[in-house]
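What follows is a set of notes on a single structure, which appears directly below.
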Amino acid sequence: ADPSTGEESVPDSSPAIADRVSVWNGRCHAAFAEQARNPFSSRFAAIESSSSAAGRRRDPGYGKPPEGSRTEARGFAAHDRISAEITELCELIKQIGRRVVLSDGTQTWQTTFGELFSVYERISNKVVGVLLRARKHGLVDFPGEMLFQGRDAAVVVTLLKDPSDDGGVEGQLVLRPCDMHRAD
């Protein structure tokens with residue numbers, strides 16, 4: 003056996019055994035290649051000096067899981083769950099809120115954080131996180147950086163945009179990814 007290549011020499015034996023050895027050698031090579039790309043592995047290959055960290059950040063695949071991986075599938079599933087929670091929150095604001103006309107003439111709904119917290123908390127304990135995510139996507143607005151139970155009960159939460167009017171399928175929110183990196 004040659005440990006540097008992972009090749010096993012197979013004595014004269016049946017083709018079935020040789021096929022199995024070949025399959026396992028292929029798996030071994032794939033595992034070594036994957037470990038060489040994984041920065042958390044002890045087998046991580048040093049990146050050539052021509053590929054600096056700044057160069058990797060410009061790569062369109064930087065910070066994204068490999069296409070078709072289970073990590074990518076879990077990310078899509080999480081996106082769907084978050085979209086559903088944001089849609090549910092916006093629908094709840096429409097149900098319990100008061101219809102108001104904003105200064106620019108658009109009609110929308112408003113409610114207080116206290117009312118929203120008391121109703122939505124029975125549905126999900128992540129009301130503030132979902133509100134922050136909805137604000138990040140331009141669906142709701144409220145003053146301040148963070149809302150706290152009790153202290154901010156009178157703070158007005160305004161629905162800026164109805165997610166069902168966003169061109170998505172009925173009851174399904176279409177969120178566009180937010181650019182988290184500043185252009186240098």
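Residue 3 is where the sequence shown starts when you use my numbering, and the numbers rise one by one after that. Ideal Cβ placement from N, Cα and C applies to all residues, glycine included. The model shown is predicted, which means the values in this text are computed figures rather than measured ones.
Go through the region 17-74 residue by residue and report every complete run of the alpha helix (DSSP H) that reaches 4 residues or more, in order. As far as the region 17-74 is concerned, its whole alpha helix (DSSP H) runs of at least 4 residues are 17-39 and 55-60.
Name, in chain order, the residues that DSSP records as bridge partners for Thr114. Translated into the one-based positions of the sequence shown, residue 114 becomes position 112. Its beta-bridge partners are Val158.
For Gln109, write down the residues that DSSP places opposite it in a beta bridge. Translated into positions along the sequence shown, residue 109 becomes position 107. The partner list for Gln109 (beta bridge, DSSP) reads Val103.
Under the DSSP definition of a beta bridge, which residues are partnered with Val142? The residue you call residue 142 lines up with position 140 of the sequence shown. DSSP lists Leu161 as partners of Val142.
Per the contact definition of three or more C-beta pairs closer than 8 Å, is the region 128-142 in contact with the region 99-113? no
Sufficient close CB pairs (3 or more, under 8 Å) joining the region 150-170 to the region 104-116: Yes, the region 150-170 is in contact with the region 104-116.
Option in Arg29, Glu74, Leu133 and Ala33 with minimal Cα separation from Ile95: By one-based count along the sequence shown, residue 95 stands at place 93. With distances taken between Cα atoms, Ile95 lies closest to Leu133.
Given that a residue counts as buried once 16 or more other Cβ atoms are within 10 Å of its Cβ, and exposed if not, what is Thr110? For the purposes of this step, residue 110 is identified with residue 108 of the sequence shown, where counting begins at 1. Per the 10 Å Cβ criterion, buried.
Taking the beta carbon of Glu87 as the centre, do at least 16 other beta carbons fall within 10 Å, making it buried, or is it exposed? On the sequence shown, residue 87 is found 85 positions in, with the first residue counted as 1. With 16 or more other Cβ atoms within 10 Å, it is buried.
Return the CA-CA distance between Arg58 and Lys128, expressed in angstroms with no decimal places. As a first step, residue 58 is located in the sequence shown; it is residue number 56 there, counting from the start. As a first step, residue 128 is located in the sequence shown; it is residue number 126 there, counting from the start. The straight-line gap from Cα to Cα measures roughly 35 Å.
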